[in-house]
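Residue numbers (numbering that gives the first Met the number 0), protein chains in the order written: chain V, 0 to 426; chain L, 0 to 145.
Input: a single structure, listed below in structure tokens.
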Amino acid sequence: MQETKIITKLCGEIDPFSIESYISRGGYQQLLTYLKNIKTKKGKLKSRKRIMKIVKESGLCGRGGAGFPTGEKWRIAYKKAKKSQKPLYLIINGDESQPGTFKDRFLMKKNPHLIIEGIAIVAHVLGCKKVFIYINGTFKEELEIMRQAVTVAVKHKFLGSKTAGRKEGIKIKIVQGAGGYIYGEETTLINSLEGNRGEPKIKPPFPPRSGYNNAPTVVNNIETIANIVPLLEMGVEKYQKLSKGNSTGTKLFSVSGSVKNPGVFEFPLGVTLRDIVYGVCGGIEKGKRLAFVQVGGTGDFLSGKQLDYRLTYEEGKQKIPVGLGSILVVDKNVAIEDLILSWSQFYARESCGKCTPCREGTYQLLKIAERLKEKKLMERDYENIEDIIEVLEQTSLCPFGSFAAQPWKKVIKSYGEDFFTKRKRKK
Amino acid sequence: MTIQKILLSFKPEKENILPLLQKVNIYFGYISKDSTYKIAEYFGIAPAKIYGIITASEILKSEKPSQLEIAVCTGPHCTIKGSGEVLKEIEKYLSVKADRQANERINLKTMSCNGHCLAGPIVIINGNIHENVKPAEVDDILKDYF
């Protein structure tokens, strides 16, 4: 199966540093068309409503992992802002730090103006004046590309005050993130923007009702925003026809691990894992055999027939939740102990330390993982594992604690309950 | 450039705290206790709050970094590609253990996935990214830093 290039159509073909090359391929047309329509007296409301309607009807879901319908999020925030007379903020989440995910940085690097055009349209539709783009602090190259792109877009009057003769313009502020996994979570990101320590807030209230400075805030992923321009170009019907099933549109998949050809690939939702792993990725590296595939960073270990299940945002039989779209392919030469240690190190390092179950639980899991690798597992360890997992899942403040427990749960699920008892220290 | 000059280039609004800390961190390499107090005074908040922001970040440092900062990626992709052996080789070469207390000269630590997966295993030394590192190449790479 070939890639379906919708968002990544121009990636690699245009120069990210040159706005002219983007304009020459039809760039910024959707923004200008929208602004033209808004100028006519009666057209103002129509145009805004039309775009809100298109996004809602298209069934576009947030691409940041949770898959919340984008149109619904906009509607809640827009209504709340109108009711409470507060400004509405738009925050673009580019703090991508899930292990094995590199799709947002790919988009920012290859086609920054697609993102900026999307942001400009969304900001005009929602009536935001200030937009933040929060980019992972370690992405130095992407930060520079995005900063340069915003400056050039202001110079060409696609942003700022003189866009299409309008007095009010939008300001985009690019923020270098503090660096850390938890900053990708929306309430932590807002906390960090407000000048606080990077820790999650308790939900509800959710950001569309009360976010940045207690004003309604829309937090959208970079990939979600990149979907807006192609969606307006294609129209709802054509966009929905791209994919099978109820999840619409395309998704970027970052494939890593023991495949011949790892990278970022775009496929319609509803694609099977086999199409990706054995199609564009060229299958497993020579001389190795597939052990399992994991999707979304915290998903099940899939192998054999499960590779023919469909990747969607829906839940159900023979369906795999996509999440962020990271696909990790593991071959049989990899020791599962090494992977458990890798995951445990990650979660112990990235736990922010606000709530006790997560801070202590991830640390204990790391210690157990270290002992597991050194073959020094003690009896009390495998008695404790299930307790730790349960406490992590049930009592942590934010989903991070539950994520930290997933690898261990999946190992027990795939390798049987006696996985740990088999590996106890020999006396 | 002194800390005062950097402070004055920002308005004392709360949203400027993170950019300011990043700037101080770039100029001095870390944010000292002294600077923390001055920044806190400028923004009118408790020094503990500033310290809290610093310790929750991977980029900002509260202590003077070592001369040789080595980070080895132990994300899932790099692990599959054999970063464990690379780490062992570096530990052997420098005769230090990873993730222990850093000393003035060397700080060897493991790092989470940074999104450079396509070129794994990744070793970052003093900000320079080394891609596709093989255990046999470790000697050559580290030699350049001594």
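C-beta atoms are modelled at their ideal positions from N, C-alpha and C, and glycine is treated no differently.
Here the structure is a predicted model, which is why all the values come from computation and not from measurement.
Residue i, buried or exposed, once every other Cβ within 10 Å from all chains shown has been counted against 16
i        : result
Ala92/L  : With the sequence shown as reference, residue 92/L is identified as Tyr, and Ala is not the correct amino acid for it. With fewer than 16 Cβ atoms within 10 Å of its Cβ, Tyr92/L is classed as exposed.
Glu130/L : exposed
Glu62/L  : exposed
Gly42/V  : Reliability fails at Gly42/V, whose pLDDT of 47 lies under 50, so the model's placement of it is uncertain and the value that follows must be treated cautiously. Exposed, since its Cβ has fewer than 16 Cβ neighbours within 10 Å.
Lys142/L : exposed
Ile128/L : exposed
Asp207/L : Residue 207/L lies beyond the residue range present for chain L, which begins at 0 and ends at 145; the question has no answer from this structure.
Ile5/L   : buried
Thr355/V : exposed
Leu31/V  : exposed
Ala225/V : buried
Ser8/L   : exposed
Pro103/V : A small fix is needed here, since residue 103/V is Asp in this sequence, not Pro. Buried is the call here.
Ser17/V  : exposed
Gln100/L : exposed
Met107/V : buried
Tyr182/V : buried
Backbone secondary structure at residue i - three-state DSSP
i        : result
Met110/L : strand
Phe145/L : coil
His129/L : strand
Phe205/V : coil
Tyr75/L  : As written in the sequence, residue 75/L is Pro, which differs from the Tyr given in the question. Correct three-state label for Pro75/L: helix.
Gln293/V : strand
Asn332/V : coil
Gly42/V  : Summary for Gly42/V: the model assigns pLDDT 47, below 50, so the residue's position carries little reliability; its value from the coordinates is reported in the next sentence. DSSP places Gly42/V in helix when its eight states are reduced to three.
Cys10/V  : coil
Lys63/L  : coil
Ser17/V  : coil
Pro267/V : strand
Gly197/V : coil
Asn135/V : coil
Leu251/V : strand
Ser23/V  : helix
Arg49/V  : helix
Gly178/V : coil
Gln347/V : Just to set this straight, residue 347/V is Ala in the shown sequence, not Gln. Looking at Ala347/V - three-state DSSP - the assignment turns out to be helix.
Val217/V : strand
Proximity winner among the options, relative to residue i (alpha-carbon distances)
i        : options                              : result
Glu373/V : Thr361/V, Trp73/V, Lys423/V          : Lys423/V
Glu385/V : His123/V, Arg74/V, Ala404/V          : Ala404/V
Thr394/V : Tyr21/V, Ile201/V, Cys127/V          : Ile201/V
Gly58/V  : Arg104/V, Lys353/V, Gly248/V         : Gly248/V
Asp337/V : Pro320/V, Glu141/V, Glu369/V         : Glu369/V
Pro15/V  : Arg47/V, Glu141/V, Gly64/V, Thr271/V : Glu141/V
Gly168/V : Lys375/V, Lys4/V, Leu34/V, Ile275/V  : Leu34/V
Gly315/V : Leu272/V, Leu125/V, Gly244/V         : Gly244/V
Ser23/V  : Leu113/V, Lys55/V, Met0/V, Ile50/V   : Leu113/V
Glu232/V : Gln29/V, Asn135/V, Tyr277/V          : Gln29/V
Gly322/V : Met0/V, Ala65/V, Val270/V            : Ala65/V
Val137/L : Gly119/L, Gly81/L, Leu117/L, Val85/L : Val85/L
Integer-rounded CB distance, given that residue j should sit under 8 Å from residue i
i        : j        : result
Leu364/V : Ser343/V : 5 Å
Ile58/L  : Gly178/V : 4 Å
Ile52/L  : Leu17/L  : 7 Å
Gly99/V  : Gly360/V : That belief does not hold up - the Cβ atoms of Gly99/V and Gly360/V are roughly 23 Å apart, past 8 Å.
Thr187/V : Gly197/V : 5 Å
(request) Taking 8 Å as the threshold, find out whether the region 109-121 of chain V comes into contact with the region 77-91 of chain V through three or more Cβ pairs. (result) yes
(request) Please determine if the region 208-218 of chain V and the region 230-238 of chain V are in contact, where contact requires at least 3 C-beta pairs separated by less than 8 Å. (result) no
(message) Check whether the region 319-335 of chain V and the region 246-258 of chain V are in contact - that is, three or more C-beta pairs closer than 8 Å.
(response) yes
(request) For the region 10-23 of chain L and the region 41-61 of chain L, state whether three or more C-beta atom pairs, one from each stretch, are separated by less than 8 Å. (result) yes
(message) When you compare the region 309-316 of chain V with the region 278-288 of chain V, are there three or more beta-carbon pairs, one atom per stretch, that lie closer than 8 Å?
(response) no
(message) Is it the case that the region 64-73 of chain L contacts the region 90-109 of chain L, given that we only count it when at least three CB pairs across the two stretches are under 8 Å?
(response) yes
(request) Tell me, please, whether the region 219-233 of chain V touches the region 82-102 of chain L by the rule of three or more beta-carbon pairs shorter than 8 Å. (result) no
(message) Between the region 124-133 of chain V and the region 72-90 of chain V, can you find at least three pairs of beta-carbon atoms closer than 8 Å?
(response) yes
(request) Could you run through the region 113-126 of chain L and flag, in chain order, every residue whose CB is less than 7 Å away from some CB of chain C? (result) Among the chains of the structure shown, chain C does not appear; the protein chains present are V and L.
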